[in-house]
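Undergrad: Got a structure here, written out as structure tokens. Questions coming.
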Amino acid sequence: MTERTPARPFRSREWFAAPGRSDMTALYLERFMNYGLTPDELRSGKPIVGIAQSGSDLSPCNRIHLDLARRVRDGIRDAGGIPMEFPLHPIFENCRRPTAALDRNLAYLGLVEILNGYPIDAVVLTTGCDKTTPAQVMAASTVDIPAIVLSGGPMLDGWHEGELVGSGTVIWRARRALGAGDITEDEFLDAATASAPSAGHCNTMGTASTMNAIAEGLGLSLPGCAAIPAPYRERGQIAYDTGRRAVEIAYDDLRPSRILTRAAFLNAIALTTAIGGSSNAQPHVVAMARHAGVEITPEDWMDAYRLPLLVNMQPAGRYLGERFHRAGGVPAVLHELLGAGKIDGSALTVTGGSIADNIAGRETRDREVIFPYAAPLRESAGFLVLKGNMFDFAIMKTSVISPEFRARYLSQPGREGVFEGRAIVFDGSDDYHHRINDPALVIDEHCILVIRGSGPLGWPGSAEVVNMQPPDALLKRGIMSLPTLGDGRQSGTSDSPSILNASPESAAGGGLAWLRTGDAVRIDLNTGRCDALVAEDEIARRRTEPPPPIPPSNTPWEELYREKTGQLAEGGVLEMAVKYRGTSETTPRH
Ligand code: FES
Ligand code: MG
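So the sequence shown is numbered by full-length UniProt numbering: it starts at 1 and just counts up by one.
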């Protein structure tokens, strides 16, 4: 193995074996020896394979990677590489205040500096919780060294009182039951904790499972990697295989720039619809694409909107991660899409083969979970792109529109897909929580709940707050959801068909800033329009009024983030960062 010639000289040689620079290399070598590496190893010509460790006590969704890294190291060693593990800035979706969205770009920045500035020839990206996947894929593109994704895998399925309870989704459902007075606080807690029975990330098709599936759909992980539950034996086995493969891609110089093509991203977007993926996929896919130098347009999302939902998994469907894995996982879904001609099977992957090569013969064995393309769970189930006089871009995840919601709001005879309602406007989630049950607002089923100040600049970071539940009085009458709209995001585990990610956000001068409680809002899903029925001169007058309040930055990073970050429509990236691609082409100076 060590006699193989790398397709591009390993960059670690510049650190450990630079000709005529024994002063420099001695400095580098001696400190790695202090934990037992030998100069011979480091100068053997073997590739140094980084393991970006996303697991920690603060990142419980990814904590399995602390164990899996042993198997990754075994694989790297057995294939003739030298592993070097290092930490990624922690990201924990549910716990990070004011929002984990701040961490995606921060972890991205940190990882770029590590991959670029240290002697690393290839890297294993350990993914799991929502933003841990896009943060690392974005960084891999910027630096452009060979990279392979290892998912930590979802938790085992949650069960409560004989029912499948999925992470996140159970919270939204139980919260409504609590508001309606159907369950107690203790019952709420029991159901919620039952949804998390083991190590791993969310077991629903929330943002974590979506983003890991997308990484696999992009061709960045070994086939089947995304869906293997964290505690399964196959998880440790694929960790070993991933470590082995990381050494091979180092020799082959198989870099993200060869894999992350426009075709790969279109494949991933098609996959997102078929799995009923998280609405957070939109900003994350756009962010990964922009860092890879690929443009994704609203039309691309609309093309994928017209594709069907195939995977019967919560929140759009019924099952959870274990059953999805057993049904064949991502390869089986890609198999359906390829058979229908909806993805490009020739896209290159990290295996060295194409998507089509990887999924040959991997048809599902479980039609209750993965439906045939010709007889799907739901037609036209992707993200509907909307625009109007309040924003230029927003999406609605249509796979979670319930029959009741459709009957109440979208099925007026002669006006199918059209809803008109009275806006109830909240400035951030504190305002929502304080006032949602205020009888003075007279909220009824003809209202649309609107939240602003929840985008990248307003929050800051962009928060998962748009899936606002109706006031308790409506819940008690059995009205479990109202139309909602906002410039923030919502949890990928939510079953709310909200209008999300509205860009530009109110804090960036978007039209939600001038919307007032009591205004009529008209949504037409047929034309993709969402407009406030407010006269032009009145809009102009309101624009002269002070904008809605947003909180001041609380940390240096919040200030920097607000200065440099763009809107969700464009991925919410650090705008100045996208021009940096392929930084590993030049070795940083000594
Ligand atoms: Fe981390 Fe869902 S909260 S994976
Ligand atoms: Mg989330």
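Each residue gets a CB set at the ideal place from its N, CA and C atoms; glycine is no exception.
Model, not experiment: these values are computed from the prediction.
Do residue 492 and residue 466 have their C-beta atoms closer together than 7 Å?
TA: Cβ distance not < 7 Å, so residue 492 and residue 466 don't count as in contact.
Undergrad: Taking C-alpha atoms, which residue in 384, 468, 73 lies nearest to residue 236?
TA: Of the candidates 384, 468, 73, the one whose C-alpha sits nearest the C-alpha of residue 236 is 73.
Undergrad: Does the Cβ of residue 208 lie closer than 6 Å to at least one heavy atom of the ligand FES?
TA: Yes, the ligand FES has a heavy atom inside 6 Å of this Cβ.
Undergrad: With a threshold of 7 Å on Cβ separation, who are the neighbours of residue 70 within its own chain once the five nearest residues in sequence on each side are excluded?
TA: Within the same chain, residue 70 has no close Cβ partners at all.
Undergrad: Tell me the rounded alpha-carbon separation between residue 306 and residue 269.
TA: Their backbone Cα atoms lie some 11 Å apart in a straight line.
Undergrad: Take the Cβ of residue 412 as the centre, count every other Cβ of all protein chains shown within 10 Å, and call the residue buried at 16 or more, exposed below.
TA: By the neighbour-count rule (16 or more Cβ atoms within 10 Å), residue 412 is not buried but exposed.
Undergrad: Tell me which residue opens and which closes the beta strand (DSSP E) that residue 76 is part of.
TA: Taken as a continuous stretch (DSSP letters only), residue 76 belongs to no beta strand (DSSP E), being part of the alpha helix (DSSP H) at 64 to 78.
Undergrad: So, residue 165 versus residue 194, is the Cβ gap smaller than 7 Å?
TA: Going by C-beta atoms, residue 165 is nearer than 7 Å to residue 194.
Undergrad: Pick out whichever of 319, 293, 447, 532 has its Cα sitting closest to the Cα of residue 596.
TA: This structure does not reach residue 596, given that the chain is present from 1 up to 590, and the question cannot be answered.
Undergrad: What do you reckon, is the C-beta of residue 335 under 6 Å from a heavy atom of the ligand FES?
TA: Every heavy atom of the ligand FES is 6 Å or more from the Cβ of residue 335, so no.
Undergrad: Can you check the stretch 393 to 419 for any alpha helix (DSSP H) of at least 4 residues that lies completely inside it and give the ranges in chain order?
TA: Within the stretch 393 to 419, the complete alpha helix (DSSP H) runs of at least 4 residues are 403 to 409.
Undergrad: Does DSSP classify residue 422 as helix, strand or coil?
TA: Three-state result, residue 422: strand.
Undergrad: With which residues is residue 574 paired in a DSSP beta bridge?
TA: Note: residue 574 sits in a beta bridge opposite 565.
Undergrad: Residues in the same chain with beta-carbon distance under 7 Å from residue 24, minus the five sequence neighbours each way, listed in chain order, please.
TA: These residues qualify, in order along the chain: 18, 590.
Undergrad: For the stretch 473 to 482 against the stretch 512 to 532, do three or more pairs of beta-carbon atoms, one drawn from each stretch, fall closer than 8 Å, so that the two count as touching?
TA: Taking 8 Å as the limit for Cβ pairs, the verdict is that the stretch 512 to 532 does not touch the stretch 473 to 482.
Undergrad: How big is the Cα-Cα spacing for residue 147 and residue 234?
TA: Their backbone Cα atoms lie some 21 Å apart in a straight line.
Undergrad: Once DSSP output is grouped into helix, strand and coil, what is the label at residue 261?
TA: Coil at residue 261, not helix or strand.
Undergrad: In whole angstroms, give me the CA-to-CA distance for residue 2 and residue 80.
TA: Residue placement at residue 2 is flagged as unreliable, the pLDDT there being 45, under the threshold of 50; the coordinate-derived value follows with that caveat. Taking the straight line from one Cα to the other gives about 6 Å.
Undergrad: Alpha carbon to alpha carbon, what distance is there between residue 421 and residue 534?
TA: Distance between the alpha carbons of residue 534 and residue 421: 13 Å.
Undergrad: Based on the DSSP output, what are the partners of residue 57 in its beta bridges?
TA: None; residue 57 has no bridge partner.
Undergrad: DSSP on residue 235, reduced to helix/strand/coil?
TA: Helix, per DSSP.
Undergrad: So the candidates are 139, 525, 581; which of them puts its Cα closest to the Cα of residue 111?
TA: Nearest option by C-alpha distance: 139.
Undergrad: Using the DSSP secondary-structure output, state which residues sit across from residue 383 in a beta bridge.
TA: Paired residues: 397.
Undergrad: Which same chain residues end up closer than 6 Å to residue 401 when comparing Cβ atoms and leaving out the 5 residues on each side of it in sequence?
TA: Once the five neighbours on either side are set aside, the close Cβ partners of residue 401 are 497.
Undergrad: State the Cα-Cα distance for the pair residue 541 and residue 223, rounded to the nearest angstrom.
TA: Approximately 56 Å between the Cα atoms of the pair.
Undergrad: With respect to the alpha helix (DSSP H) encompassing residue 211, which residues constitute its N-terminal and C-terminal limits?
TA: Start and end: 207 to 217.
Undergrad: Only counting the same chain, and skipping five residues up and downstream in sequence, which positions put a Cβ closer than 7 Å to that of residue 16?
TA: 25, 28, 29, 42, 43, 119.
Undergrad: From the DSSP output, read off the bridge partner residues of residue 92.
TA: Its beta-bridge partners do not exist; DSSP assigns none.
Undergrad: Sort out for me which residues DSSP pairs residue 51 with in a bridge.
TA: Note: residue 51 sits in a beta bridge opposite 85, 124.
Undergrad: Name the residue from 582, 296, 562, 291 whose alpha carbon lies nearest to the alpha carbon of residue 263.
TA: Of the candidates 582, 296, 562, 291, the one whose C-alpha sits nearest the C-alpha of residue 263 is 296.
Undergrad: Does DSSP classify residue 1 as helix, strand or coil?
TA: Only weak support is given to the placement of residue 1: the predicted model assigns it a pLDDT of 46, under 50, and the question is left unresolved by the model.
Undergrad: So for residue 534, helix, strand or coil by DSSP?
TA: Reduced to three states, the DSSP call for residue 534 is coil.
Undergrad: Is the distance from the Cβ of residue 350 to the Cβ of residue 219 below 7 Å?
TA: Yes, the Cβ-Cβ distance between residue 350 and residue 219 is below 7 Å.
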